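One line per chain: the protein sequences are D and B, in this order.
Residue 1 is where the first sequence starts when you use this note's numbering, and the numbers rise one by one after that.
Residue 1001 is where the second sequence starts when you use this note's numbering, and the numbers rise one by one after that.
Idealized CB from N, CA, C, for every residue including glycine.
All of these numbers come straight from a predicted model, not from anything done at the bench.
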Amino acid sequence: MILNDIVKEFGLEVKAGPGHLDQEVTGGYVSDLLSDVLAHAEDGNIWVTLHIHQNIVAVAAHKGLCGIILVQGRDPEKDTVAKAEEEGIPIMVSSLSAFELVGRLYKAGIRGAEAD
Amino acid sequence: MALRRIKADLHVHTCLSPCSGLDMSPREVVNAALQRGLDLIGVCDHNSAENVLAVKKAGERNGLMVLGGMEVASSEEAHILVFFDDDDDLLGFQDYIYRHLYGRNDEHAFGLQVIADDEDGVTGFCDRLLIAATSLPAEAIVAAARAAKSESLVIAAHVDRQSFSIIGQLGFIPHALVLDAVEVSAQMTVDEAKERFPDCRNYPIITGSDAHGPEDIGKRFTCFTVEDGSVAEIKKALTGRDGRKAVC
């Protein structure tokens, strides 16, 4: 599944990086602690968070994540969007809560690292 | 020594912080602070104090008081400003923080971490992952600061922000945490912060710029009525002792 499929299926609003939605999603990670994401997210993962600070982009770039989904309709900070455009990291927004969104992503076939 | 009123911005980064620009070199920081009419700055880079001595030296040469400190990230990702008068205490505290900070910097993702001398010469690059959080809970950081030989000044950084603030990360300020003050960021007034975050009312409040670029230095400041810019004097001002005052 590529990012664009997820954007369409879940009606996500793309706030940054619309030109980078053709990436394969290797799995998913959900966390609101940057240090936890640095330690445990895996290459190509989609990251679900409510964190909107620009550091999420640096963390995603460093870990090779395919994109970030902000939950509960959270609005990324201006600096965050600018940095994401610069780094080519898609930022998408869902109106759902993290629990509900992750449940639906799982149902759609996105798995965590422990699934296999 | 007589009491005097000084203008202080206790939250200034340098080019050592990965998210700061190269223009935050020791001399530039000192010049920008003096241009803004500041008498005192607090140097607090993320999880490191490796540029403090250079800024102090540049400050001394130009008549700017410099308090040496660090902005430590707790395991809960709450940012805490810790200052010491004594350089040995600061460097000892830095060793302790380094022992609980893991990973190597990725300059492309996070930015350069430049170590400079007081003449703005580049003397090296810090390769630790300064943007990361330490493995230390906030309580352990405060306890380590209090265990130093000399007095420490401990301030919860930008408590009004959603990210990296003790209130944002933990919901409220734990009672066990012995803070000297809380800092309100440039994004809201002190009255707004007291209204929205009632916990602020239980602590002395300062305002600081959290400057990552020269143009932001002194954008927010606190005026202290003190004898000098030492930790002991600032702590007296925060609690209104012996005629000292803090106004922001």
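Contact of Phe1110(B) with chain D by beta-carbon distance below 8 Å involves Ala58, His62. Contact between the stretch 1031-1043 of chain B and the stretch 1214-1229 of chain B is present: three or more C-beta pairs spanning the two stretches fall below 8 Å. With distances taken between CA atoms, Gly1111(B) lies nearest to Leu1130(B) out of Cys1248(B), Pro1137(B), Leu1130(B). Per DSSP, reduced to three states, the secondary structure at Thr1134(B) is coil, with no helix or strand assignment. Proximity of Ile6(D) to chain B, defined by a Cβ-Cβ separation below 8 Å, is not satisfied. Under the DSSP assignment, Asp1045(B) falls in the beta strand (DSSP E) whose first and last residues are 1040-1046. As far as DSSP is concerned, Ser1230(B) takes part in no beta bridge. Counted as a single uninterrupted DSSP element, the stretch harbouring Ser1165(B) is not any alpha helix (DSSP H), since DSSP gives it neither H nor E. Listed as beta-bridge partners of Phe1125(B) by DSSP are Val1114(B).
The closest CA to that of Ala1232(B), considering only Thr1014(B), Gly1021(B), Leu1067(B), is found on Leu1067(B). Burial of His1212(B) is indicated by the presence of at least 16 other C-beta atoms within 10 angstroms of its C-beta.
Taking 7 Å as the Cβ-Cβ cut-off, the stretch 84-98 of chain D has no residue approaching chain B.
Taking 8 Å as the cut-off, the beta carbon of Ala115(D) is found no closer than this to the beta carbon of Ile89(D). Closest by C-alpha distance to Glu1050(B), out of Leu1034(B), Ala1181(B), Leu1016(B), is Leu1016(B). Taking all protein chains shown into account, Pro1018(B) has 16 or more neighbouring C-beta atoms within 10 Å of its C-beta and is therefore buried. For the stretch 1081-1108 of chain B, the set of residues with a beta-carbon nearer than 9 Å to any beta-carbon of chain D comprises Tyr1102, Gly1103, Asp1106, His1108, in chain order. Linking Ala82(D) to Gly1208(B) through their CA atoms gives a straight-line distance of about 25 Å.
With fewer than 16 other Cβ atoms inside 10 Å of its own Cβ, Glu13(D) counts as exposed. Among the bridge pairs identified by DSSP, Met92(D) is matched with Val14(D), Ile69(D).
Closer than 7 Å at the C-beta level to chain D, one finds these residues of the stretch 1133-1149 of chain B: Ala1133. Counting C-beta atoms within 10 angstroms of its own C-beta, Lys1236(B) has 16 or more neighbours from the protein chains shown and is therefore classed as buried.
Sequence-distant Cβ neighbours of Glu1151(B) in its own chain, meaning closer than 6 Å and more than five residues away, are Val1231, Ala1232. In the structure shown, Thr1239(B) falls within a helical segment according to DSSP collapsed to helix, strand and coil.
For Asn1202(B), there is no enclosing alpha helix (DSSP H), since its DSSP letter is neither H nor E. Note that the C-beta distance between Ala1148(B) and Gly1092(B) is below 8 Å.
Contact annotation: in the stretch 30-53 of chain D, residues whose CB is within less than 8 Å of a CB in chain B are Leu33, Leu34, Ser35, Leu38, His51, Ile52, His53.
Residue Gly1042(B) holds the alpha-carbon nearest to the alpha-carbon of Leu1090(B) among Val1226(B), Glu1215(B), Gly1042(B), Arg1196(B). DSSP places Asn1031(B) inside the alpha helix (DSSP H), whose first and last residues are 1026-1035. Under DSSP, Met1(D) takes part in no beta bridge, so it has no partner.
A straight-line Cα-Cα distance of about 8 Å links Leu1101(B) and Arg1128(B). Chain D places no beta carbon closer than 8 Å to that of Gln1187(B), leaving this residue out of the contacts. Per the coordinates, the alpha-carbon of Leu1238(B) lies some 8 Å from the alpha-carbon of Ile1206(B). The three-state reading of DSSP puts Glu42(D) in coil, since its state is none of H, G, I, E or B.
Beyond the five residues adjoining it in sequence on each side, Arg1161(B) comes within less than 8 Å, by CB distance, of Gly1168, Ser1185, Gln1187 in the same chain, given in chain order. By the Cβ neighbour-count rule, Asp1242(B) is exposed, with fewer than 16 other Cβ atoms within 10 Å of its own. For Ile1131(B), a Cβ of chain D is located within less than 8 Å of the residue's own Cβ.
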